[in-house]
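Visitor:
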Amino acid sequence: MRGVPWLELTILAPLCGALLGLVLQRAVAVLALVSSLSTAVASAGVAVLVARHGTIRRSVGAWELPLGIQLRADGLAALVLVAFAVVGVFITAYAMVHFEPGSRAARSFFPLWLFAWTGLDALLLSSDVFNLYVTLELTTLTSVGLVATGGDPAALSSALRYLLFAMAGSLLYLLGVALLYGAHGVLDLDLLGAVVTRGPVTWGALALITCGLALKAPLFPLHGWLPAAYASAPVPVSALLSGVVGKCSLYVLVRIWLGVFGVPLGRAPAVLIGVLGAAGVLWASIVACRQQRLKLLVAYSSIAQLGTIFLVFPLMGRAAFAGGAYLVISHACAAAAMFIAAGTIEQVVGHDEIDRLDGLAHRLPLTFVAFALAGVSAMGMPPSGGFVAKWLLVRTAFELHEWWWAAVILIGGLLSAAYVFRVLRGAFVPAPITETIRRSRASDLLALGLALLALALGLAPDLPLALAAQGAPS
Amino acid sequence: MTAENVLPVGVLLSSLVPALIIFLLPEQRHGTRTALNLFAAVTKLVLTAVIGWGVVHHRRYETRVRFLPGADLVLHADPFSLLFVTLSAVLWLATTIYAVGYLEGSPQRSRFFGFFSLCVASTMGIALAGNLLTFFIFYEMLTLSTYPLVVHRGTPESLHAGDVYLAYTMTGAALLFAGTASLYALAGSVEFVAGGSVGPLVAGHRGALMLIFFALVAGLGVKAALFPLHGWLPLAMVAPAPVSALLHAVAVVKAGAFGITRVVYDVYGVRVAEELGVMRPLAFVAAATVVFGSVMALAQRDLKRRLAYSTVSQVSLIVLGVAIVGTVSTIGGVVHLVHQGLMKITLFFAAGNLAEKLHVTRVDQMRGVGRRMPLTMLAFTIGALGMIGVPPIAGFVTKWYLGIGAIEAGASWAIAILAASTALNAAYFLPLLRDAWFEPAETQGGILAEEATLSLVLPTVFTATLSIAAGALAASGVSPLAWAKLIATREYQP
Numbered sequence: 001m002r003g004v005p006w007l008e009l010t011i012l013a014p015l016c017g018a019l020l021g022l023v024l025q026r027a028v029a030v031l032a033l034v035s036s037l038s039t040a041v042a043s044a045g046v047a048v049l050v051a052r053h054g055t056i057r058r059s060v061g062a063w064e065l066p067l068g069i070q071l072r073a074d075g076l077a078a079l080v081l082v083a084f085a086v087v088g089v090f091i092t093a094y095a096m097v098h099f100e101p102g103s104r105a106a107r108s109f110f111p112l113w114l115f116a117w118t119g120l121d122a123l124l125l126s127s128d129v130f131n132l133y134v135t136l137e138l139t140t141l142t143s144v145g146l147v148a149t150g151g152d153p154a155a156l157s158s159a160l161r162y163l164l165f166a167m168a169g170s171l172l173y174l175l176g177v178a179l180l181y182g183a184h185g186v187l188d189l190d191l192l193g194a195v196v197t198r199g200p201v202t203w204g205a206l207a208l209i210t211c212g213l214a215l216k217a218p219l220f221p222l223h224g225w226l227p228a229a230y231a232s233a234p235v236p237v238s239a240l241l242s243g244v245v246g247k248c249s250l251y252v253l254v255r256i257w258l259g260v261f262g263v264p265l266g267r268a269p270a271v272l273i274g275v276l277g278a279a280g281v282l283w284a285s286i287v288a289c290r291q292q293r294l295k296l297l298v299a300y301s302s303i304a305q306l307g308t309i310f311l312v313f314p315l316m317g318r319a320a321f322a323g324g325a326y327l328v329i330s331h332a333c334a335a336a337a338m339f340i341a342a343g344t345i346e347q348v349v350g351h352d353e354i355d356r357l358d359g360l361a362h363r364l365p366l367t368f369v370a371f372a373l374a375g376v377s378a379m380g381m382p383p384s385g386g387f388v389a390k391w392l393l394v395r396t397a398f399e400l401h402e403w404w405w406a407a408v409i410l411i412g413g414l415l416s417a418a419y420v421f422r423v424l425r426g427a428f429v430p431a432p433i434t435e436t437i438r439r440s441r442a443s444d445l446l447a448l449g450l451a452l453l454a455l456a457l458g459l460a461p462d463l464p465l466a467l468a469a470q471g472a473p474s
Numbered sequence: 475m476t477a478e479n480v481l482p483v484g485v486l487l488s489s490l491v492p493a494l495i496i497f498l499l500p501e502q503r504h505g506t507r508t509a510l511n512l513f514a515a516v517t518k519l520v521l522t523a524v525i526g527w528g529v530v531h532h533r534r535y536e537t538r539v540r541f542l543p544g545a546d547l548v549l550h551a552d553p554f555s556l557l558f559v560t561l562s563a564v565l566w567l568a569t570t571i572y573a574v575g576y577l578e579g580s581p582q583r584s585r586f587f588g589f590f591s592l593c594v595a596s597t598m599g600i601a602l603a604g605n606l607l608t609f610f611i612f613y614e615m616l617t618l619s620t621y622p623l624v625v626h627r628g629t630p631e632s633l634h635a636g637d638v639y640l641a642y643t644m645t646g647a648a649l650l651f652a653g654t655a656s657l658y659a660l661a662g663s664v665e666f667v668a669g670g671s672v673g674p675l676v677a678g679h680r681g682a683l684m685l686i687f688f689a690l691v692a693g694l695g696v697k698a699a700l701f702p703l704h705g706w707l708p709l710a711m712v713a714p715a716p717v718s719a720l721l722h723a724v725a726v727v728k729a730g731a732f733g734i735t736r737v738v739y740d741v742y743g744v745r746v747a748e749e750l751g752v753m754r755p756l757a758f759v760a761a762a763t764v765v766f767g768s769v770m771a772l773a774q775r776d777l778k779r780r781l782a783y784s785t786v787s788q789v790s791l792i793v794l795g796v797a798i799v800g801t802v803s804t805i806g807g808v809v810h811l812v813h814q815g816l817m818k819i820t821l822f823f824a825a826g827n828l829a830e831k832l833h834v835t836r837v838d839q840m841r842g843v844g845r846r847m848p849l850t851m852l853a854f855t856i857g858a859l860g861m862i863g864v865p866p867i868a869g870f871v872t873k874w875y876l877g878i879g880a881i882e883a884g885a886s887w888a889i890a891i892l893a894a895s896t897a898l899n900a901a902y903f904l905p906l907l908r909d910a911w912f913e914p915a916e917t918q919g920g921i922l923a924e925e926a927t928l929s930l931v932l933p934t935v936f937t938a939t940l941s942i943a944a945g946a947l948a949a950s951g952v953s954p955l956a957w958a959k960l961i962a963t964r965e966y967q968p
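Going line by line, the protein sequences match chains A and B. If you number the first sequence the way my numbering does, the last residue is 474 and the count never jumps. If you number the second sequence the way my numbering does, the last residue is 968 and the count never jumps.
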């Protein structure tokens, strides 16, 4: 078990799939499925290793630090890796249902998605600020490409907007990295953490890096590009962006914060991030309540959930950390399930206007069940992964005697109940036609599977939390 | 894995598993569904009886699963949980039979019975919860599983009632969550133990404990329909009759009252709560609700709405008994949990029969119905007289203990509340009974015995009989009163 290079495989498996997919275009979907499953197996291997032996480090090509590139998997990385891999498999399977086999969209989607996944896994396992930059770029640029696979003018213009925001963010981030490298001559997170001191360079780097990542994450009020990008992209793209890829900038920020800035700079900047996150929770939830279209509702809901995750910065501590990680993985399942359900509804009735969905549940029962179960997690109601995350965060807030963070989370939960039930209440209106529509059940089953995963995370949080605690800062 | 570890989960699963199977059954499999429901209800009764026997013989039943740091999932059976479990199990069986008859031929029965069983499973979890977090989890599962029942008919009216129900209960959930999480943050872990467990914290965290108490009680008070948090209950009347019966007698309202009792006795402990000075405000709120609910009931013209406000008032008698410090009043409050359930479910069954068979939904349509539906109206009469407090029906026992308890605890003002409640109960029930029995029928049609079908009448008569039995046999060893005495003595042990 230890002999197998699981870490490298989590990056190589999607990479090979992507490259082969470019060449063997006819078999691209099957290739994608095979490489997704292999990635999932490799990710599970990493998780088992980390659970047994703690943090794992590997030097790529046997070059040692500070020159070489090191891959590192601690509990957080392993947990997120596995969760994303599972959701990734579901999304690949859904894309096989969604895109017509051999179509242009399918041929561009699968390789791009696997490239994005390559970048994502490499990012999760990176341990220095420059590699984080490179992998983040790979993930972002392929995401922009994915948004554009819709092909229509709306998709192209929102992809372009996304690109501009992302580029600005990257530039700021890279400047910050340059500052750090210029001052200290190292890039590795641990080495940097050891030498960074309080001073103008560190503050400058912190500001640049945080702003850059906040643009890409996005953190309120820099989210302008997100709703249009998520809502105009093809459904599999929306699902993977909001569920999986959209979390990577936040992940980088947490990594750098924990490794480098957290200790020397004190709490003030963390509180600022928390305030913006809180504003994002409240604002995005209210806007979500007012949406007319289901996909936009889910997109705004994603911004609100991201905002909640940003609250781990002011609450920083072991339990809050676990809560944030838990929210990341349960939202990955729930958001993907909600987007797939929304996509199914749009596909069947030709629109996704919330006020016109009355009685539809009698014809698409499974779709609505999936949406409802995912909604339970989004609301943070028990039993669900969302509830466990909310519990950990709220409890930490009270332990720190900072009840206002708890209030934000609870109000956010109430608002999300409002928008989730706005969709669900129509399900109870009696319909003139009660036969279910005859069509492939695959997309419903995939959405349901993801929603059940979000639910299951609320039933047995013991194991994932133990994994996340491996090598976590105390 | 011993029987002691498995049985509490068994009680929970005996309605959770049927719920899941029912969701998967096709809509047309009515026979299978009914058989499954009845089998599950009987299984639950048997399991409950076994646990009850064990608890009497000092066995400890507990299932503990690791869940979160400092917070296990715990199901356990103490006398108080058993009281609630037994009530729910018995009334579930009755309501299931009733609902099968009531919904004969209506659409979406699969969804209905699925959520119905889920609702009961959540109630079992609430009853058996061994700590505050477990309680919270099942309490909110109850919120979610009741919503589809409230909006079951899908009319604009019921959807509106559902919206209001959610607005109230979700806000309550947020308060309860805040209270629970902050208590865990303060105490590390909050197990339910007789006499409470937060005592050692009082010295350092007086203010925080008081705030948390009010957050918890306000959160629970929404479901218990404490004034001014009762607004959702009268609206929820649009739900089908078996749902109203379940909501009022067993599941939702009762879960709130049960939760408040747990918080007062097994989280804070009655002495600590008294010392914090939170019992008196709670008693006043309960007393205000008793009077308010009765006055509002008097003003209602719709039969089910009148019954709904009557619930608001009667459930607060439980809280009142709990909030007056003293063994006897505690007995009165705790036993009313059962008594109110038996009597109120009888009233709702009867009201459902009247609406179903004679389309009587308003209080001014009751003339002569006694002769047309004698069994139903006999049951209704027993329930109504019991609510007023006429011996030997169960309600009398409650009021007797509450009255003596109030005097004993030096809270004689509560006597005035009880008297007012009795007078108002009589004022809104007796005219109905007079109309029903002594006025001639409005219509010329069939004069005699137009009783509803057997599956509607049988549960109605059954619960009416239980209401009398609980009162008449109160002195026997297996009566709700005997259990309530056992519970109260445990809570007041030094």
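The C-beta atom is built at its ideal place from N, Cα and C for all residues, glycine as well.
(1) Does residue 290(A) come within less than 9 Å of chain B when only Cβ atoms are used?
(2) Using a Cβ cut-off of 9 Å, pull out every chain A residue sitting near residue 561(B), in sequence order please.
(3) Give me the chain B residues within the contact set of residue 417(A), using Cβ-Cβ distance strictly less than 7 Å, ordered along the chain.
(4) By how many angstroms is the C-alpha of residue 88(A) removed from the C-alpha of residue 325(A)?
(5) What are the residues of the stretch 671 to 701 of chain B that lie near chain A, defined by any Cβ-Cβ distance shorter than 8 Å?
(6) At which residues does the beta strand (DSSP E) containing residue 549(B) begin and terminate?
(7) Taking residue 462(A) as the query, report the chain B residues whose CB atoms sit under 7 Å from its CB, ordered along the chain.
(8) Taking 9 Å as the cut-off, decide whether the C-beta atoms of residue 367(A) and residue 417(A) are in contact.
(9) Which one of 930(B), 950(B), 535(B) has the shortest CA to CA distance from residue 602(B)?
(10) Anything in the stretch 3 to 20 of chain A with a Cβ closer than 7 Å to a Cβ of chain B? List those residues in chain order, please.
(11) Using the Cα positions of residue 491(B) and residue 268(A), report the straight-line distance between them to the nearest angstrom.
(12) Verify whether the separation of the beta carbon atoms of residue 410(A) and residue 388(A) is less than 9 Å.
(13) Are the CB atoms of residue 840(B) and residue 906(B) within a distance shorter than 9 Å?
(14) Output, in chain order, the set of chain B residues within a Cβ distance shorter than 8 Å of residue 507(A).
(15) Does the beta carbon of residue 617(B) come closer than 9 Å to any beta carbon on chain A?
(16) Kindly confirm or deny that the stretch 568 to 577 of chain B and the stretch 529 to 547 of chain B touch, where touching means at least three C-beta pairs closer than 8 Å.
(17) Please classify residue 527(B): is it buried, with 16 or more other beta-carbons within 10 angstroms of its beta-carbon, or exposed?
(18) How is residue 86(A) classed by DSSP in three states: helix, strand or coil?
(19) Tell me, please, whether the stretch 142 to 162 of chain A touches the stretch 228 to 243 of chain A by the rule of three or more beta-carbon pairs shorter than 8 Å.
(20) Suppose you measure from the CA of residue 245(A) to the CA of residue 116(A); what does that come to, to the nearest Å?
(21) Residue 718(B): which of 779(B), 652(B), 771(B), 897(B) sits nearest, CA to CA?
(22) In three-state DSSP terms, what is residue 536(B)?
(23) With which residues is residue 603(B) paired in a DSSP beta bridge?
(24) Should residue 474(A) be labelled buried (16 or more other beta-carbon atoms within 10 Å of its own) or exposed?
(25) Looking at the unbroken alpha helix (DSSP H) that takes in residue 489(B), where does it start and where does it end?
(26) Against chain B, does residue 382(A) count as a neighbour if the rule is that its beta carbon must be under 9 Å from one of theirs?
(27) Within a Cβ cutoff of 7 Å, which residues of the same chain sit near residue 518(A), ignoring the five residues on either side of it in sequence?
(28) For residue 864(B) and residue 870(B), I'd like the C-alpha separation in whole angstroms.
(29) So, is residue 221(A) buried or exposed, given that buried needs 16 or more other C-beta atoms within 10 angstroms?
(30) Please tell me whether residue 412(A) and residue 281(A) are closer than 9 Å, where the distance is taken between their beta carbons.
(31) When Cβ atoms are compared, which residues of the stretch 306 to 321 of chain A fall closer than 8 Å to chain B?
(32) Can you tell me which of 427(A), 85(A), 286(A) puts its alpha carbon nearest to the alpha carbon of residue 364(A)?
(33) Just checking my contact of residue 59(A) with residue 68(A) at CB under 8 Å: how many whole Å lie between their CB atoms?
(34) Mapping DSSP to helix, strand and coil, what is residue 60(A)?
(35) Mind checking the stretch 544 to 555 of chain B against chain A and listing, in chain order, the residues whose C-beta falls within less than 7 Å of any C-beta there?
(36) Would you kindly work out how many angstroms separate the C-alpha atoms of residue 104(A) and residue 714(B), rounded to a whole number?
Guide: Looking at the coordinates:
(1) Taking the first sequence and counting its residues from 1, the one referred to as residue 290(A) is at position 290. By this cut-off, residue 290(A) is not an interface position.
(2) The residue you call residue 561(B) lines up with position 87 of the second sequence. Ordered by position in chain A, no residue passes the 9 Å Cβ test against residue 561(B), which lies about 24 Å from the chain.
(3) Position 417 of the first sequence, counted from the first residue, corresponds to residue 417(A). Under the 7 Å cutoff, chain B gives 640, 644.
(4) Numbered from its first residue, the first sequence carries residue 325(A) at position 325. Numbered from its first residue, the first sequence carries residue 88(A) at position 88. Rounded to whole angstroms, residue 325(A) to residue 88(A) spans 17 Å at the Cα level.
(5) none
(6) Translated into the one-based positions of the second sequence, residue 549(B) becomes position 75. Unbroken beta strand (DSSP E) run through residue 549(B): 545 to 551.
(7) Here residue 462(A) corresponds to residue number 462 of the first sequence, with the count starting at 1. Under the 7 Å cutoff, chain B gives 540, 541.
(8) As a first step, residue 367(A) is located in the first sequence; it is residue number 367 there, counting from the start. As a first step, residue 417(A) is located in the first sequence; it is residue number 417 there, counting from the start. Against a cut-off of 9 Å, the Cβ pair of residue 417(A) and residue 367(A) comes out as no contact.
(9) Here residue 602(B) is taken as the residue at index 128 of the second sequence, counted from 1. For residue 602(B), the nearest C-alpha among the options comes from 535(B).
(10) none
(11) Stepping through the second sequence from its first residue, residue 491(B) is reached at position 17. Stepping through the first sequence from its first residue, residue 268(A) is reached at position 268. Rounded to whole angstroms, residue 491(B) to residue 268(A) spans 51 Å at the Cα level.
(12) Translated into the one-based positions of the first sequence, residue 410(A) becomes position 410. Translated into the one-based positions of the first sequence, residue 388(A) becomes position 388. No, the pair does not count as a contact, with Cβ atoms beyond the cut-off.
(13) Taking the second sequence and counting its residues from 1, the one referred to as residue 906(B) is at position 432. Taking the second sequence and counting its residues from 1, the one referred to as residue 840(B) is at position 366. Taking 9 Å as the cut-off, the beta carbon of residue 906(B) is found closer than this to the beta carbon of residue 840(B).
(14) Residue 507(A) is absent from the model: chain A starts at 1 and stops at 474.
(15) Looking up residue 617(B) in the second sequence gives position 143. So yes, residue 617(B) belongs to the interface.
(16) no
(17) To locate residue 527(B), count along the second sequence from 1; it is residue 53. Residue environment analysis places residue 527(B) among the exposed positions, since fewer than 16 neighbouring C-beta atoms fall within 10 angstroms of its C-beta.
(18) Along the first sequence, read from residue 1 onward, the residue named residue 86(A) stands at position 86. It is helical.
(19) Cβ pair count under 8 Å is three or more, so yes.
(20) Stepping through the first sequence from its first residue, residue 245(A) is reached at position 245. Stepping through the first sequence from its first residue, residue 116(A) is reached at position 116. Between the alpha carbons of residue 245(A) and residue 116(A) lies a gap of roughly 8 Å.
(21) On the second sequence, residue 718(B) is found 244 positions in, with the first residue counted as 1. Checked all of 779(B), 652(B), 771(B), 897(B); the closest Cα to residue 718(B) is 779(B).
(22) Indexing the second sequence from 1 puts residue 536(B) at position 62. Three-state DSSP puts residue 536(B) in a strand.
(23) Taking the second sequence and counting its residues from 1, the one referred to as residue 603(B) is at position 129. DSSP lists 549(B) as partners of residue 603(B).
(24) Locating residue 474(A) in the first sequence gives position 474, counting from the first residue. Since pLDDT at residue 474(A) reaches only 47, below the 50 mark, its modelled position is unreliable, and the value read off the structure follows with that caveat. Per the 10 Å Cβ criterion, exposed.
(25) Mapped onto the second sequence, residue 489(B) falls at position 15. Taken as a continuous stretch (DSSP letters only), the alpha helix (DSSP H) holding residue 489(B) covers 477 to 498.
(26) Reading the first sequence from its first residue, position 382 is the one you call residue 382(A). Answer yes: the Cβ-Cβ gap between residue 382(A) and chain B drops below 9 Å somewhere.
(27) This structure leaves residue 518(A) out entirely; chain A is present only between 1 and 474.
(28) Position 390 of the second sequence, counted from the start, is the residue given in the question as residue 864(B). Position 396 of the second sequence, counted from the start, is the residue given in the question as residue 870(B). One C-alpha to the other measures close to 5 Å.
(29) Taking the first sequence and counting its residues from 1, the one referred to as residue 221(A) is at position 221. Burial call: exposed.
(30) On the first sequence, residue 412(A) is found 412 positions in, with the first residue counted as 1. On the first sequence, residue 281(A) is found 281 positions in, with the first residue counted as 1. Yes. Within cutoff.
(31) 319
(32) In the first sequence, residue 364(A) corresponds to position 364, counting from 1. Here the closest residue by C-alpha is 427(A).
(33) Indexing the first sequence from 1 puts residue 59(A) at position 59. Indexing the first sequence from 1 puts residue 68(A) at position 68. Right, their Cβ atoms sit about 5 Å apart.
(34) Start at 1 with the first residue of the first sequence, and residue 60(A) comes out as number 60. Strand, per DSSP.
(35) none
(36) Here residue 104(A) corresponds to residue number 104 of the first sequence, with the count starting at 1. Here residue 714(B) corresponds to residue number 240 of the second sequence, with the count starting at 1. Approximately 53 Å, taken between the alpha carbons.
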